[in-house]
Amino acid sequence: MTVDLRSDTVTKPTPGMLEAMWSAKVGDDVFGEDESINELEAKAAAMFGMEAGIFCPSGTMTNQIAIKCFTQPLDELIADQTAHVYRYEGGGIAFNSGVSTRLLNGYRGILTAEMIEPEINAENIHYPHTSLVVLENTVNKGGGSCYTLEQIASIAELCKANNLKLHLDGARIFNALAHTGDKAVDYGKYFNGISVCLSKGLGAPVGSVLLADKATIKYARRLRKVFGGGMRQAGFLAAAATYALDHHVERLKIDHAHAQILAEELAKCDWVTNVLPAETNIVLFDTIQPADVMLAKLEEKGIKANSTDKHRIRFVTHLDVHPNQVEYTVQVLKGLK
-15 MTVDLRSDTV TKPTPGMLEA MWSAKVGDDV FGEDESINEL EAKAAAMFGM
35 EAGIFCPSGT MTNQIAIKCF TQPLDELIAD QTAHVYRYEG GGIAFNSGVS
85 TRLLNGYRGI LTAEMIEPEI NAENIHYPHT SLVVLENTVN KGGGSCYTLE
135 QIASIAELCK ANNLKLHLDG ARIFNALAHT GDKAVDYGKY FNGISVCLSK
185 GLGAPVGSVL LADKATIKYA RRLRKVFGGG MRQAGFLAAA ATYALDHHVE
235 RLKIDHAHAQ ILAEELAKCD WVTNVLPAET NIVLFDTIQP ADVMLAKLEE
285 KGIKANSTDK HRIRFVTHLD VHPNQVEYTV QVLKGLK
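Residues -15 to 321 in the working numbering are what the sequence shown lists, from first letter to last.
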C-alpha cells in the first residue's frame, strides 16, 4: 500500500469533479468571457462577503498580486517569520513589490494585535512606511494552527486605526473554518484582501482566487496580466474549483479526524520526541534520529512524507487518504524503531 502524506496538493480530481470539468462552459477569460470562471469568482466573493474576485493559477500569484495592490515601493509589511509569503514565494515580496518585511515570532505562526502594534513604524524618513499586515490561516509551519474570528477582529481594528491594509493568505482557510466553526462570510468585514487556495484540501487540480473590493480586483487583473497569469479557456479548471466549493468543504472534518488519529499514535512512539497539536489536517512531529533517516524508513513501507527541519517531519491528510490507509500508517508507526 502507498500512502501519500507529503501534502494536500497531491490529490487527483474525483469522478464528479472530472464530469464538471468536461461539461464546463468556457470562453476567453482575458476578455472576461469565460462563464465558468465568472461563476467561480462571484461565488467565492459572495461566500466571504467580498465584492469581487479574480481566478489565478496559484496561491503564490494571488498573494503576490495582493501585496502589490496594497503597498508601494519603500513600504514595509508585517508578517510572522514562518509566513508562506516570506519563506516559500521565492523572494517575491522584494522582487515584485520593492517592499521590506518585518518578521514577528508568533505562537505557532499566530500573531496578535499586541505583537503587531509596537512594530508599526512611526512616520520618519529613516524608516520604511508600514502599510500592510499579512496573516496566514491555517499556518503551514505552525502545524495547521488557526486564527479565530475574534483574534482577527482585534488585528483588523489595529490596522484600521493605523491606516494599514490587512491581507489573508487563506491557503487552507476552509480547514480553519471547519475547526473554529466561524463563518466565511464574516471575513469580508475584516480583510482588504483574501487569497483562497482551491488546490489543497479542497482537491481542485489548479488555482486560487483573490477576493477584494471591485477597485482592487480591477487593478489585480492588470497585475495578473503582467505576472503572466492571464488565462484563456481556463473554465475547465474553474469548474473543478466550483465543484470543490460545493462538495468538498464539509468533508474536511474527515481529514482533521485522520490527522488526530496519526498525532495520537505518534505521541506513543519512542522514536518521536514531540508532536504539535493537530488542529486541522497537518501533523508536525520531531524525531530522535534525523528526519531523512525516518523518512527513508517510512518510504520503505510505502508511506511518503516531507521534512520541514532536520529533525521534524510533516504529515498532511487529504481527500485521497482513506480510513484503511490511516489504519495501515498507524500499524507502520507502531513497528518503527
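Just so it is clear, CB atoms sit at the ideal spot from N, CA and C, and this is done for glycine as well.
What you are looking at is a predicted structure, and each value in this text was computed from that prediction instead of being measured.
- In the three-state reduction of the DSSP assignment, HIS151 falls in the strand class, which pools E and B.
- Collapsing the DSSP output to three states places CYS143 in a helix.
- Counting along the chain, LEU236 sits inside the alpha helix (DSSP H) bounded by residues 236 to 250.
- With a 10 Å radius around the Cβ and a threshold of 16 neighbouring Cβ atoms, LYS184 comes out buried.
- In this structure the region -1 to 9 touches the region 217 to 230; the number of beta carbon pairs closer than 8 Å is three or more.
- For ALA162, the closest C-alpha among the options ALA241, ILE272, LYS252, VAL190 is that of ALA241.
- Per DSSP, GLU19 has no beta bridge partner at all.
- Boundaries of the alpha helix (DSSP H) harbouring ALA97: 97 to 100, taken from the DSSP string.
- LYS288 sits in a strand when the DSSP states are folded into three classes.
- The DSSP-derived three-state label of GLY177 is strand.
- Excluding sequence positions up to five before and after GLY43, its CB lies within less than 6 Å of the CB of ALA155, SER179, CYS181, SER192, all in the same chain and listed in chain order.
- Secondary structure at HIS113: strand, using DSSP grouped into helix, strand and coil.
- Look at ILE136 here: in three-state DSSP terms it is helix.
- When DSSP states are grouped into helix, strand and coil, PHE211 belongs to the coil group.
- Within the same chain, and ignoring the five residues on either side of GLY187 in sequence, the residues whose Cβ sits closer than 6 Å to its Cβ are THR(-5), ALA228, HIS232, LEU303.
- If you draw a straight line from the Cα of GLU263 to the Cα of SER129, it is about 6 Å long.
- In this structure, the alpha-carbon of PRO307 lies about 11 Å from that of VAL(-13).
- Taking the CA atoms as reference points, LEU195 sits about 4 Å from GLY37.
- In this structure, the beta-carbon distance from ASN105 to HIS113 falls below 8 Å.
- Considering only THR132, ARG235, THR301, the residue with the shortest C-alpha distance to VAL267 is THR301.
- Of all C-beta pairs linking the region 279 to 288 to the region 311 to 321, three or more are shorter than 8 Å, placing the two stretches in contact.
- ASN265 has its alpha-carbon roughly 31 Å from the corresponding atom of ILE201.
- Per DSSP, reduced to three states, the secondary structure at TYR72 is coil, with no helix or strand assignment.
- Ranking ASP254, ARG298, LEU221 by CA distance to the CA of GLY126 puts ARG298 first.
- Where GLU3 is concerned, the enclosing alpha helix (DSSP H) starts and stops at -1 to 6.
- With three or more CB-CB distances shorter than 8 Å, the region 214 to 224 counts as touching the region 14 to 28.
- C-alpha of GLY213 to C-alpha of PRO(-3): approximately 22 Å in a straight line.
- Excluding sequence positions up to five before and after PHE175, its CB lies within less than 6 Å of the CB of LEU150, LEU152, all in the same chain and listed in chain order.
- Bridge partners of LEU303 according to DSSP: none are assigned.
- Shown here, ASN308 sits in a helix according to DSSP, grouped into three states.
- Per DSSP, GLY128 lies in no beta strand (DSSP E) segment and is marked neither H nor E.
- Membership of ALA50 in the alpha helix (DSSP H) is indicated by the continuous run 43 to 54.
- In the three-state reduction of the DSSP assignment, PHE32 falls in the coil class.
- Residues of the same chain with a CB within less than 8 Å of the CB of PRO274, apart from the 5 flanking positions on each side, are LYS294, HIS295 in chain order.
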